[in-house]
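Right, one structure below, let's go through it.
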Amino acid sequence: MNVLNRAMRDEITQVCEQLESNNDVRAVVFYGGDHLAAGADVKEMAAWGKDEVDREAPLVQEAFNAISYLPMPTIAAITGYALGGGLELALSCDLRIAADSAQMGQPEILLGIITGAGGTQRLSRLIGPSRAKDLIFTGRLVSAVEALQMGLVNEVVESDRVLDRALELARMLATRPRLAIRAAKLAIDNGLDLPLHEGLEIEVNLFTKLFGTNDQVHGMSSFIENGPGKATFE
């Protein structure tokens, strides 16, 4: 069930380090088979003393931050359980496709702890503080349908179509201009918690930097010649 133990955490960090500088990778899908991830290894955590908690907790955050900092679009293909750290992993992605049978939640409160890898922060920013408090305070699980209604996931499909749909979306995003996609992601993520005027400064700076790039020249000439939605990018 893809328990997020030390080994899994380190592997995520290492893979993201490799992806970050690989310009050949245009989109990334995180998929776990029958389950995205059922959360942290509780048995491993239960043995932690204060020194281990102080050492290990930031490393888990770093792993999920590495996902969120990837310059290309990231998609979580959610099947089965996405609980605790499993949901936090999905929250670190840009988009989330869920199976109609998937269940999601932040049940850490039932262990006498809170989320430690972004749940209180990313979940609140995605679905709003009131809904986030509901999930975090109660520890309840939500169905894919409820998750879609609250904006936790972008799309719900049949269980046997989750990976195919995520890959289909990834392939479509891979046809979009790489530099513009990266600029859009930076503008949204970096401006989200700033005052509006500061976010607008980030946006216009990134906007101007795209002019003169091959993608901009190709995209605009193709638009003029063929109309909207016709350009393709390598």
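In this text, residue positions in the sequence shown follow the working numbering: the first is 43, and each later residue adds one. Yeah, the Cβ is synthetic: ideal placement off N, Cα and C, and Gly gets one too.
Check: Can L152 and N196 be called in contact, C-beta distance under 8 Å?; Outcome: no
Check: Is E200 helix, strand or coil by DSSP?; Outcome: coil
Check: Rounded to the nearest angstrom, how far is the Cβ of A79 from that of L46, given a contact under 8 Å?; Outcome: 6 Å
Check: For a test of the three-state rule: what should DSSP assign to A140, helix, strand or coil?; Outcome: strand
Check: Taking Cβ positions, are A186 and A144 nearer each other than 8 Å?; Outcome: yes
Check: Spatial neighbours of R167 within its chain, please: C-beta separation below 7 Å, excluding the five flanking residues on both sides.; Outcome: L234
Check: Kindly give me the distance between the Cβ atoms of M192 and R173, rounded to whole angstroms, as I take these residues to be in contact under 8 Å.; Outcome: 5 Å
Check: Based on the DSSP secondary-structure assignment, which residues constitute the bridge partners of I120?; Outcome: A140
Check: Taking C-beta to C-beta, are A105 and R164 nearer than 8 Å?; Outcome: no
Check: When the Cα of P149 is compared with those of M114, L228, V84 and P115, which residue comes out closest?; Outcome: V84
Check: Among the candidates T180, L221, Y111 and M43, whose CA atom is the shortest distance from the CA of I156?; Outcome: T180
Check: For L209 versus V70, is the C-beta spacing smaller than 8 Å?; Outcome: no
Check: Within its chain, find whatever has a CB closer than 8 Å to the CB of A225; leave out the 5 residues flanking it on each side and keep chain order.; Outcome: L248, F249, K251 and L252
Check: Take E200 and list the residues in its own chain whose beta-carbon comes closer than 8 Å to its own, dropping the five residues that flank it on each side.; Outcome: A141 and D142
Check: Do you know how far the Cα of A124 is from the Cα of V184?; Outcome: 10 Å
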